[in-house]
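Asker: Numbering (full-length UniProt numbering), first residue to last: 1 to 306. Ideal placement from N, C-alpha and C gives every residue a C-beta, glycine not left out. Next up is a structure, given as structure tokens.
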Amino acid sequence: MTDVSVFPVSGLRGRLTPNAPLGPRAWFRVGGPADWLFIPEDQEDLTVFLKEKPASMPVTVLGACSNVIIRDGGIAGTVIRLARGFADIEVQGTSLIVGAAALDVTVAEHAAAAGLTGLEFLAGIPGSIGGAVRMNAGAYGSDIDAVLEWADVLACNGELRRLSRSELGFAYRHSDLPPDSVVVRASLRGVADDVSSIRDRISGIKASREASQPVRARTGGSTFRNPDGHKAWKLIDDAGCRGLRIGDAQVSEKHCNFLLNLGQASSADLETLGDTVRDKVLAQSGIDLHWEIKRIGRRSEGEKTS
């Protein structure tokens with residue numbers, strides 16, 4: 001076990017846990033432990049950590065863990081998880097000022113209550129706003145690029161910057177945010193509309209997602225990006241991968257761009273299954289699928305790399 005007394009940053013007010021299990025926090029319910037897990041009390045607490053941590057210490061930021069495979073060997077260094085101190089949502093005119101830990105669906109519902117349309121698509125995206133900004137999350141005809149005004153970002157040295165939409169360099173499921181920076185807040189733009197109409201659209205998105213995706217399973221959202229001019233699920237289906245299994249890892253039969261943990265899958269099983277699907281799609285169609293789910297951390301001892 002790691003000794004918490006030897007952590008190289010002092011004076012932190014948030015919760016600091018050595019050898020912290022991460023699997024229970026992930027939607028797949030798999031993955032090894034973090035060397036350290038730090039849940040900062042607020043932005044000031046996080047700034048202290050970033051300014052004082054050793055430059056050599058790896059830092060990984062995790063949100064709702066909805067689109068990530070945490071490898072079985074765990075994560076080196078410190079994992080930062082933003083929680084209550086970063087979940088505020090404030091309406092300012094036609095904008096919502098949103099903490100990075102606020103869940104996407106909660107933001108959509110707050111926008112509806114304020115009579116602001118344009119953010120309904122967030123009701124169909126599992127995860128939190130910090131991750132949504134980092135990957136330009138999108139669904140149901142819109143994405144973060146279409147609604148973001150600015151994001152407050154802490155650099156790895158604790159410096160706070162406010163970046164505009166244009167500075168973030170959004171592309172399909174991509175932003176130019178440095179990997180070791182932390183989104184702490186964002187401003188999202190809405191348009192005034194009838195509250196009941198907005199809520200009806202949110203209800204429609206939730207119903208559509210429930211009907212078409214395995215939302216009640218141990219999954220991680222869309223596994224692969226849609227290639228230009230193609231749907232990833234269709235390529236996977238055409239390659240004969242619907243229902244394909246490796247151990248307790250399975251390609252969903254309901255929506256085959258989703259991987260499932262049927263109960264006892266390891267992270268290695270899930271990642272191997274995904275790479276197997278990629279190989280089969282490439283052989284059948286000549287198209288190379290790219291992972292949308294992030295795979296992070298150390299492989300377990302003896303695990304083969306693809």
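#1: Pick helix, strand or coil for Ile-39, following the three-state DSSP scheme.
#2: Is it buried or exposed for Glu-271, if we count other Cβ within 10 angstroms and need 16 for buried?
#3: Once DSSP output is grouped into helix, strand and coil, what is the label at Leu-273?
#4: Can you give me the C-alpha to C-alpha distance between Met-1 and Phe-38, rounded to a whole angstrom?
#5: Name the DSSP beta bridge partners of Glu-90, please?
#6: Just list the residues that DSSP pairs His-174 with in beta bridges.
#7: How many Å lie between Leu-168 and Val-107 at the Cα?
#8: Three or more beta-carbon pairs under 8 Å between the segment 287-300 and the segment 64-83, yes or no?
#9: If you follow the beta strand (DSSP E) that Ala-20 is in, where does it begin and where does it stop?
#10: Ile-97 to Leu-188, Cα distance in whole Å?
#11: Taking 8 Å as the threshold, find out whether the segment 6-24 comes into contact with the segment 33-52 through three or more Cβ pairs.
#12: Run through DSSP, which three-state label would Ala-34 get?
#13: Leaving out five residues on either side along the sequence, give the residues of the same chain with a beta carbon under 7 Å from the beta carbon of Asn-261.
Answerer: Result, derived from the coordinates:
#1: Here residue 39 refers to the residue found at position 39 when the sequence shown is read from its first residue. Note: Ile-39 maps to strand in three-state DSSP.
#2: The residue labelled residue 271 in the question sits at position 271 within the sequence shown. Flag for Glu-271 reads buried.
#3: Taking the sequence shown and counting its residues from 1, the one referred to as residue 273 is at position 273. Three-state DSSP puts Leu-273 in a helix.
#4: Indexing the sequence shown from 1 puts residue 1 at position 1. Indexing the sequence shown from 1 puts residue 38 at position 38. Because the pLDDT of Met-1 is 47, which lies under 50, any placement of that residue in the model is unreliable, and the number read from its coordinates should be weighed accordingly. Their backbone Cα atoms lie some 16 Å apart in a straight line.
#5: As a position in the sequence shown, residue 90 is number 90, starting the count at 1. Glu-90 pairs with Ile-97.
#6: Along the sequence shown, read from residue 1 onward, the residue named residue 174 stands at position 174. Its beta-bridge partners are Ala-171.
#7: Walking along the sequence shown from the start, residue 168 turns up at place 168. Walking along the sequence shown from the start, residue 107 turns up at place 107. Roughly 21 Å between the two C-alpha positions.
#8: yes
#9: Reading the sequence shown from its first residue, position 20 is the one you call residue 20. Residues 15-20.
#10: Indexing the sequence shown from 1 puts residue 97 at position 97. Indexing the sequence shown from 1 puts residue 188 at position 188. Rounded to whole angstroms, Ile-97 to Leu-188 spans 7 Å at the Cα level.
#11: yes
#12: Within the sequence shown, numbered from 1, the residue matching residue 34 stands at position 34. In the structure shown, Ala-34 sits in a strand (DSSP, three-state: E or B).
#13: Here residue 261 corresponds to residue number 261 of the sequence shown, with the count starting at 1. For Asn-261, where only same-chain residues beyond five positions count, the Cβ hits under 7 Å are Phe-28, Arg-29, Val-30, Arg-218, Asp-248, Ala-249, Leu-270.
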